[in-house]
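Reviewing the structure listed below.
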Amino acid sequence: MNSVFFDLDGTLFNTIGDIRAAINYALRAYDGTEATEDEVRSYVGRGLRRALAKAAAEHCPPIPDEGEFELMVKLMMGYYRNHPCVYTVPYPGIPELLSSLEERNIAIGLVSNKTDDLVRAVIDRYGYRFSFISGQRPDYPLKPDPSLLLHGIASVGSDKEHSVYVGDSEVDAETASKAGISSIIVSYGFRSEEALRAAGIAETAENASQVASLLCAYFSNT
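Under my numbering, the residues of the sequence shown are numbered 6 to 227, in order.
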């Protein structure tokens with residue numbers, strides 16, 4: 006194995022507080038009630054636009070048309086871009102995990118459904134180094150489509166047989182499966198272990214140390 010790719014939200018960083026703040030900012034503008042943290046966790050995974058649509062359906066009066074919903078999306082994104090890292094922090098053990106991979110000369114990549122500018126805002130805030138970084142881009146579909154992940158793997162000079170994708174949701178597991186690569190799914194992020202098992206994911210990592218142990222197993226087998 007010579008490359009490890011990560012999801013961002015719920016895998017490397019706990020971003021739920023800032024996502025919730027941005028969604029609730031848009032909901033309040035449309036006379037909606039605020040979504041709880043647990044509700045927002047259940048909404049995310051397939052892009053912020055879809056998360057807002059789910060939140061609006063449960064917390065707002067009916068949005069009259071698509072144009073009005075687009076304005077709602079702009080409100081959410083504008084707020085988030087101005088407040089990308091108020092509550093966001095790396096999960097315990099993540100800085101050490103990234104450092105250990107770098108010391109092994111493993112290429113580290115990041116592929117997220119969050120918009121590319123917000124991904125880079127978070128990474129720039131903490132200064133972590135990656136061989137490949139990409140959020141949502143207009144020329145690639147969102148996960149679970151594997152195209153962007155495969156592009157990232159090729160960009161760092163690796164291949165499917167020598168790459169692993171680490172994520173926190175059924176979307177990430179499906180992305181890795183469609184890409185034809187191994188995956189590690191964590192249960193400390195935005196999906197509980199119970200939800201992941203219900204989605205057919207039998208083995209999960211409970212913390213960054215377990216992610217490191219599972220990666221070491223891949224190292225020893227390749």
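Virtual Cβ for every residue (Gly too), placed ideally from N, Cα, C. Because the structure is a prediction, the values reported are computed rather than measured.
By how many angstroms is the C-alpha of residue j removed from the C-alpha of residue i?
| i | j | result |
| --- | --- | --- |
| Glu63 | Glu75 | 17 angstroms |
| Phe11 | Asp43 | 23 angstroms |
| Cys90 | Lys165 | 33 angstroms |
| Leu220 | Ile189 | 8 angstroms |
| His167 | Asn87 | 38 angstroms |
| Tyr85 | Tyr92 | 12 angstroms |
| Asn29 | Asp23 | 10 angstroms |
| Glu198 | Arg46 | 13 angstroms |
| Tyr131 | Arg125 | 10 angstroms |
| Asp150 | Asp14 | 17 angstroms |
| Lys148 | Gly98 | 26 angstroms |
| Leu201 | Leu80 | 32 angstroms |
| His156 | Pro66 | 41 angstroms |
| Asp122 | Gln141 | 9 angstroms |
Looking only at its own chain, which residues have a Cβ that is under 7 angstroms from the Cβ of residue i, when we skip the five neighbours before and after it?
| i | result |
| --- | --- |
| Val78 | Arg54, Leu57 |
| Leu154 | Phe10, Val116, Tyr170, Thr180, Ala184 |
| Ser163 | Asn7, Ser8, Ala112 |
| Ile186 | Lys165, Ser168, Val169, Tyr170 |
| Glu211 | Ser192, Tyr193 |
| Ile206 | Glu175, Ala178, Ile190 |
Pull up the CB-CB distance for residue i and residue j, whole angstroms please, since I reckon it's below 8 angstroms.
| i | j | result |
| --- | --- | --- |
| Gly172 | Thr16 | 5 angstroms |
| Ala181 | Tyr170 | 4 angstroms |
| Leu138 | Leu115 | A quick correction: the sequence has Ile, not Leu, at residue 138. Rounded, the Cβ-Cβ distance is 5 angstroms, consistent with contact. |
| Ala61 | Leu32 | 7 angstroms |
| Ser214 | Ala112 | Actually they do not touch by this definition, with Cβ atoms about 22 angstroms apart. |
| Phe18 | Val94 | 7 angstroms |
Given that a residue counts as buried once 16 or more other Cβ atoms are within 10 Å of its Cβ, and exposed if not, what is residue i?
| i | result |
| --- | --- |
| Thr209 | buried |
| Arg134 | exposed |
| Glu73 | exposed |
| Ala184 | buried |
| Arg25 | buried |
| Asp70 | exposed |
| Ser225 | exposed |
| Asn118 | buried |
| Gly83 | exposed |
| Ala178 | buried |
Suppose the cutoff is 6 angstroms on Cβ atoms and the five residues either side in sequence are ignored; what does the same chain contact list for residue i look like?
| i | result |
| --- | --- |
| Glu175 | Ala204 |
| Gly50 | Ser174, Val176 |
| Thr38 | His64 |
| Gly52 | Asn118, Leu147 |
Spatial neighbours of residue i within its chain, please: CB distance less than 8 angstroms, with the 5 preceding and 5 following residues excluded, ordered by chain position.
| i | result |
| --- | --- |
| Ala40 | Arg25, Ile28, Asn29, Leu32, Tyr48, Ala60, Glu63, His64 |
| Ile68 | Tyr35, Ala61, Phe74, Met77 |
List in chain order: all unbroken alpha helix (DSSP H) runs of 4+ residues lying wholly within the stretch 123 to 208. Considered as a whole, the stretch 123 to 208 harbours 152 to 160, 175 to 184, 198 to 203 as its complete alpha helix (DSSP H) runs of no fewer than 4 residues, in chain order.
Taking only runs that begin and end inside the stretch 58 to 127, name each unbroken beta strand (DSSP E) of 3 or more residues, in chain order. If we require 3 residues or more, the beta strand (DSSP E) runs fully inside the stretch 58 to 127 come out as 112 to 120.
Let me know the alpha helix (DSSP H) ranges lying completely inside the stretch 9 to 50, each 4 residues or longer, listed in chain order. Listed in chain order, the complete alpha helix (DSSP H) runs (minimum 4 residues) inside the stretch 9 to 50 are 21 to 34, 42 to 48.
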